[in-house]
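Notes follow once the structure below has been shown.
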Amino acid sequence: MKSLASITNRFRSAIVSDPWHWDVVDVPEIHKEAFDLCRSSLDYVRNEHQSTSVLIYGEAGSGKTHLLARLQAYLAGHLTIYGQAPAAVFVSVRLQTSPQMIWRHLRNKLGEDLLRPTADGRSQLERILLPRIAAVCPDIGEPGSWLERVQREARNSSAASAAIDEMEDVLDRLDQQTCLDDRDLMVVIGHLLLGRFRRDARAWLRGDSLPENSLRQLGLNADQDYEAEERARRMVLSLTRLTGPDIPLVICFDQVEALQSHQNDLAGLYKYGQMIGFLRDETSNTLLISCILSTFLSTLRQAIISSDLDRLALAGERNLASLTPGEAKRLVEARLNSSAEMREVRPAGLDRFWPLKESDIDEALRLRKNTPRLLLSYCAEKFDLAWRPDLLNETLPVEDFLNQNIEERLEQSAATASAEQADQILTHGLPMLLRLSKPAWESRVIERFRDADMVFESPRGRITIILCNHRNMTSLAGRLRRLRDQIGEEVLEDSTREKFILLRDARLPIGTHARKTREHREQLLAHGFQWVNASSEMIAALDALRGLISDTKAGDLSCNGESISISSVQEWLMANLDRKLSPLRELLDEILPENNGFNDEDFEICDDLNELLHNHHLVSVTDAAFRLGCDEARIESLARLHPERFGLLNGPPAVLFQLTLQAPDSADKPGMAIQEVR
20 MKSLASITNR
30 FRSAIVSDPW
40 HWDVVDVPEI
50 HKEAFDLCRS
60 SLDYVRNEHQ
70 STSVLIYGEA
80 GSGKTHLLAR
90 LQAYLAGHLT
100 IYGQAPAAVF
110 VSVRLQTSPQ
120 MIWRHLRNKL
130 GEDLLRPTAD
140 GRSQLERILL
150 PRIAAVCPDI
160 GEPGSWLERV
170 QREARNSSAA
180 SAAIDEMEDV
190 LDRLDQQTCL
200 DDRDLMVVIG
210 HLLLGRFRRD
220 ARAWLRGDSL
230 PENSLRQLGL
240 NADQDYEAEE
250 RARRMVLSLT
260 RLTGPDIPLV
270 ICFDQVEALQ
280 SHQNDLAGLY
290 KYGQMIGFLR
300 DETSNTLLIS
310 CILSTFLSTL
320 RQAIISSDLD
330 RLALAGERNL
340 ASLTPGEAKR
350 LVEARLNSSA
360 EMREVRPAGL
370 DRFWPLKESD
380 IDEALRLRKN
390 TPRLLLSYCA
400 EKFDLAWRPD
410 LLNETLPVED
420 FLNQNIEERL
430 EQSAATASAE
440 QADQILTHGL
450 PMLLRLSKPA
460 WESRVIERFR
470 DADMVFESPR
480 GRITIILCNH
490 RNMTSLAGRL
500 RRLRDQIGEE
510 VLEDSTREKF
520 ILLRDARLPI
530 GTHARKTREH
540 REQLLAHGFQ
550 WVNASSEMIA
560 ALDALRGLIS
570 DTKAGDLSCN
580 GESISISSVQ
590 EWLMANLDRK
600 LSPLRELLDE
610 ILPENNGFND
620 EDFEICDDLN
630 ELLHNHHLVS
640 VTDAAFRLGC
650 DEARIESLAR
660 LHPERFGLLN
670 GPPAVLFQLT
680 LQAPDSADKP
690 GMAIQEVR
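In C-alpha cells form, the structure reads like this:
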C-alpha cells in the first residue's frame with residue numbers, strides 16, 4: 020500500500036487556464052444553466068442559420084474558463100466519423116491585445132485553432148473541408164482516402180504535378196460553390212491539405228508577415244501593409260464562410276478585461292463591441308461567447324455603444340452563481356474519486372469525503388469559500404493537514420508567489436515570444452508599462468502619421484512609435500516611403516520634447532539586399548527619426564509583464580486560492596521592475612525623450628505657465644514668477660528651453676507671450692501649426 024504522505028493532493032491545481040486543456044474532473048450540475056444556454060444557442064445557429072451571442076459573467080474563480088473547457092470537450096465528444104461534418108468548430112481567444120490590432124489578433128487565434136489537431140490527428144480545418152469537398156466533388160469517393168492518396172502522390176516527384184493539379188481543380192469547384200472569392204486563401208488551403216510548404220502556409224493563415232521569397236514559393240500576392248487590420252477582418256469573414264452554413268463556428272472570448280491598459284482606458288472595449296456587432300451582423304453561422312468578471316459589467320456597459328451592447332448577449336446572459344451546499348459536496352467528492360491512489364488507500368465504510376469530513380465543507384461555505392477555486396484551495400489545506408500537518412504552515416506569501424510567477428513567465432516568454440508576435444506584444448504591453456512606471460504618459464489618437472502604431476503624450480512631450488517588424492522588405496519599404504512622403508522637408512530636431520521612433524525586433528536584421536528599405540530608413544533618420552532595436556530580452560520581459568497584468572485583471576491570478584488584486588501586483592512590479600524586469604528599464608530609456616535634468620516640478624511649472632498665458636496672452640517674467648511662486652530666473656530658463664511652447668521677448672523687462680495657431684489654410688502642414696505673435 021502506498022504511504023499516505025505520497026498521495027497526490029487532488030485539490031491542487033484548481034484553475035483551468037486554457038479551454039483546450041480539459042480537466043476530466045467535472046460536475047455537470049455546476050453552472051448547468053449557463054452550459055445549457057451555450058448548447059441551445061449553438062442549436063439556434065445551426066438550425067436558423069443566424070449568428071447569435073451569449074454573455075457569461077461571475078466572480079474570480081467561479082469557473083468561466085472551466086465552462087468553456089466543458090463546451091470544448093462536449094463538441095469534441097460529438098465528432099462524427101471521419102469524413103463527415105464536425106458538430107462545430109471551437110476557437111478560444113484570450114483578448115491580450117490592443118485596440119488597433121484586435122482583428123489581427125482574432126485572425127491569429129482563429130488560424131491557430133483551425134490548425135489544431137483533433138482526437139484522430141486531423142486538424143479542425145481538415146474536418147471542415149473534407150465533407151464540403153465530398154459534397155461538391157462526389158466523384159472523389161471517400162474523402163479521407165482521397166486526401167491520403169493525393170498527399171502520397173504530391174510527395175512523389177513523378178506524380179506531384181498531377182496531384183497538385185487535381186487539388187487545384189477540386190478547390191476551384193469548392194470556391195465556386197462557396198463564393199469565397201479569396202484566391203490566396205484557397206491557394207494556402209491547397210498547400211495545407213497536400214502538406215506542402217507547411218510552415219509558411221500555417222504562418223500565412225495566422226497572419227504572420229512572410230518574406231518575398233516565401234510568398235513567391237507559395238504563389239501568393241504581396242500584402243499591403245497599411246491595410247493590415249482591414250485584411251485581417253476580411254480573412255476572418257472568409258474563414259467563417261469556409262466552414263459552411265451547417266457547421267457553427269464557436270468563438271469564445273476570455274480575458275476581455277485585458278483590453279484596458281488602465282482603468283479609464285475604454286478604447287479597446289469600444290473596439291471589442293464593434294467587432295462583436297460586426298460578426299453578429301455579417302456572419303450567419305457564428306456563436307459568440309464573451310466571459311467577464313461580474314465586477315466588470317458596469318465598465319463594459321459604459322464603454323460599448325448600446326447597439327453593440329445589445330449584440331453582445333442576443334441569446335441571453337448568465338451569472339455563474341456561488342456553489343450551493345449540494346454542488347460543493349459533489350465537487351469535493353468528484354475530486355477525491357478521480358484519484359486511483361485514494362481509492363486504493365481508502366478504508367471501506369468510511370465517510371465519502373475521507374480524509375476530509377462533511378463538516379469541513381460546511382465550514383468552508385460558512386467562511387464564504389463558495390467558488391470552485393476558493394473551495395478547492397480550502398480543501399487542499401485540509402487534505403494536507405489530514406496526514407501531512409508539517410505542510411500546514413508552508414503557505415506561500417504573495418510576494419514570494421509573485422517572484423516565482425514572474426520567473427516562470429520570463430522563462431516561458433523567452434521560449435515563445437517570437438519576432439512574429441512582437442507587434443502584438445509591443446502594442447499591448449507598452450501602454451501598460453508606461454502607465455505603470457511613467458503614469459503621466461497617456462495614449463493619444465494617431466493623427467500626424469497614418470502609419471504610426473502608438474502615440475503617447477505627457478507634460479514632458481510626445482512619443483510617436485512606428486513598428487517595423489516586417490519580414491517582407493517590400494511592405495517595410497512601402498511603410499517607410501509613406502512616412503518620408505508625409506514629413507516633406509521638415510526636420511524633426513527637438514528630441515527633448517518629441518521623439519519619432521522606428522522600432523524593430525533585433526532578431527530581424529535588414530539585409531544588404533533590402534536597398535530601398537535601407538535608403539528610406541536613412542532618409543527618415545536624416546529628418547530626425549530614431550531607430551530602436553528591441554532585444555529579445557526586452558520583448559520577452561514585456562510579454563511577461565502584460566501576461567501578469569492581464570491575468571490579474573481577469574481574476575485569473577491567485578495565491579493560496581485568493582485572487583491577487585491589481586493594485587498589489589502593480590505595487591510589486593513598481594518595487595521590482597529594475598530587479599526582475601531590467602530589460603524594460605532599458606526599453607524605456609530608448610523610447611522616452613531626453614530628460615536633460617528636468618524634474619516633474621519643472622514640467623508642472625510649464626503647465627501652470629501655459630495656463631497663465633492662455634488666460635492673459637502677454638505676461639512679464641516678473642509677474643509670472645510672482646503669480647506662480649517661482650524664481651524669475653527659473654521661469655525665463657524654462658521658457659528658453661521650451662520655445663515650442665512659449666514666446667519670449669528679451670527685456671528689460673523680459674516678456675512672455677502665448678503662441679497661437681496659424682490660419683486654417685496652412686495648419687494642415689506637419690510641424691508648421693504654430694507661429695509667434697509679435
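Numbering of the sequence shown is given in my numbering, commencing with residue 20 and proceeding in unit increments.
C-beta: ideal position from N, C-alpha, C; glycine also.
Going by beta carbon distance, what residues of the same chain come within less than 7 Å of residue 338, once the five residues before and after it are set aside? These residues qualify, in order along the chain: 76, 77 and 313.
Counting Cβ pairs closer than 8 Å, one from the segment 245-255 and one from the segment 104-123, do we hit at least three? The segment 245-255, when compared against the segment 104-123, does touch it at the 8 Å Cβ threshold.
Sorted by chain position, which residues of the same chain lie with C-beta nearer than 6 Å to residue 383's C-beta, five sequence neighbours on each side aside? The residues 394 and 397, in chain order, have a CB closer than 6 Å to that of residue 383 in the same chain once the five nearest residues on each side in sequence are set aside.
CA-CA distance, residue 642 and residue 662? Straight through space, the alpha carbons of residue 662 and residue 642 are spaced by roughly 19 Å.
Can you name the start and end residues of the alpha helix (DSSP H) that residue 164 belongs to? Boundaries of the alpha helix (DSSP H) harbouring residue 164: 162-174, taken from the DSSP string.
Given the structure, does residue 553 come close to the ligand HEM, in the sense that its CB is under 7 Å from one of the ligand's heavy atoms? With respect to small molecules bound, the structure shown includes none, and the ligand HEM cannot be examined in it.
To the nearest angstrom, report how far apart residue 371 and residue 348 are at their CA atoms. Taking the straight line from one Cα to the other gives about 10 Å.
If you count every other CB in all the chains shown that lies within 10 Å of the CB of residue 83, and 16 or more means buried, which is it? The residue in question, residue 83, is buried, as its Cβ has 16 or more Cβ neighbours within 10 Å.
Sequence-distant residues of its chain with Cβ nearer than 8 Å to residue 327 (five each side left out): For residue 327, where only same-chain residues beyond five positions count, the Cβ hits under 8 Å are 292, 293, 295 and 296.
Can you give the Cα-Cα distance for residue 350 and residue 379, rounded to whole angstroms? Taking the straight line joining both Cα atoms gives about 13 Å.
Quick check on the DSSP output: the beta strand (DSSP E) that includes residue 518 runs from which residue to which? Residue 518 -> beta strand (DSSP E) spans 517-524.
Residues bridged to residue 136 by DSSP? Paired residue(s): 142.
For residue 550, list the residues DSSP reports as bridge partners. DSSP lists 521 as the beta-bridge partner residues of residue 550.
Which residues bound the beta strand (DSSP E) around residue 337? First-last of the beta strand (DSSP E) with residue 337: 335-339.
Check whether the segment 496-504 and the segment 467-481 are in contact - that is, three or more C-beta pairs closer than 8 Å. Here the segment 496-504 makes contact with the segment 467-481; the two share three or more CB pairs at distances below 8 Å.
What separation, rounded to the nearest whole angstrom, lies between the Cα atoms of residue 447 and residue 677? Rounded to whole angstroms, residue 447 to residue 677 spans 37 Å at the Cα level.
Counting only runs of 3+ residues fully inside the segment 391-478, write out the beta strand (DSSP E) ranges in chain order. Note on the segment 391-478: whole beta strand (DSSP E) runs with a minimum of 3 residues are 473-477, in chain order.
Enumerate in chain order the residues of its own chain whose CB-to-CB distance from residue 303 is below 7 Å, with the five nearest sequence positions on each side excluded. Non-local C-beta neighbours of residue 303 in its own chain, meaning closer than 7 Å and more than five positions away in sequence, comprise 68, 69, 70 and 264, ordered along the chain.
From 135, 574 and 283, pick the residue whose C-alpha is nearest to that of residue 390; which is it? With distances taken between Cα atoms, residue 390 lies closest to 574.
Can you give me the C-alpha to C-alpha distance between residue 454 and residue 62, rounded to a whole angstrom? Approximately 44 Å, taken between the alpha carbons.
Just tell me which of 283, 26 and 226 has its CA closest to the CA of residue 129. Residue 129 has its Cα closest to that of 226, out of 283, 26 and 226.
Given residue 599, which residues of its chain have a CB within under 7 Å of its CB, disregarding the five upstream and five downstream residues? Apart from the 5 residues on each side of it in sequence, residue 599 sits with its Cβ closer than 7 Å to the Cβ of 425 in its chain, given in chain order.
Closest residue to residue 517 among 106, 664, 278 and 583 (Cα-Cα distance): Checked all of 106, 664, 278 and 583; the closest Cα to residue 517 is 664.
Using the Cβ count rule (16 or more neighbours within 10 Å means buried), how would you classify residue 645? Its Cβ having fewer than 16 others within 10 Å, residue 645 is exposed.
Do you know whose CA, among 365, 485 and 649, lies nearest residue 552's CA? Comparing Cα positions, the closest option is 485.
Helix, strand or coil for residue 331? Go by DSSP, reduced to three states. Shown here, residue 331 sits in coil according to DSSP, grouped into three states, outside any helix or strand.
Please list, in chain order, all residues of the same chain as residue 166 whose beta carbon is under 7 Å from its beta carbon, the five residues on each side excluded. Around residue 166: 149 and 212.
Same chain, Cβ closer than 8 Å to residue 376, neighbours up to 5 away in sequence not counted: Cβ within range, chain order: 370.
Could you give the DSSP three-state label for residue 581: helix, strand or coil? Per DSSP, reduced to three states, the secondary structure at residue 581 is strand.
Quick check: what's the CA-CA separation for residue 667 versus residue 624? So the two alpha carbons sit approximately 16 Å from each other.
Residue 269 burial status per 10 Å Cβ neighbour count (16 or more: buried): Buried.
Taking the alpha helix (DSSP H) that residue 610 falls in, what are its first and last residues? DSSP places residue 610 inside the alpha helix (DSSP H), whose first and last residues are 601-610.
Report the three-state DSSP secondary structure of residue 15 (helix, strand or coil). Absent from the structure is residue 15, since the part of the chain shown begins at 20 and ends at 697.
Inter-stretch contact at 8 Å, needing at least 3 Cβ pairs: the segment 558-570 / the segment 426-443: Contact holds: three or more Cβ-Cβ distances are below 8 Å.
Ignoring anything shorter than 3 residues or poking outside the segment 212-286, list the beta strand (DSSP E) runs there in chain order. Counting only runs of 3 or more, we get 268-273.
Measuring straight from C-alpha to C-alpha, what distance separates residue 554 and residue 439? Between residue 554 and residue 439, the C-alpha separation is close to 14 Å.
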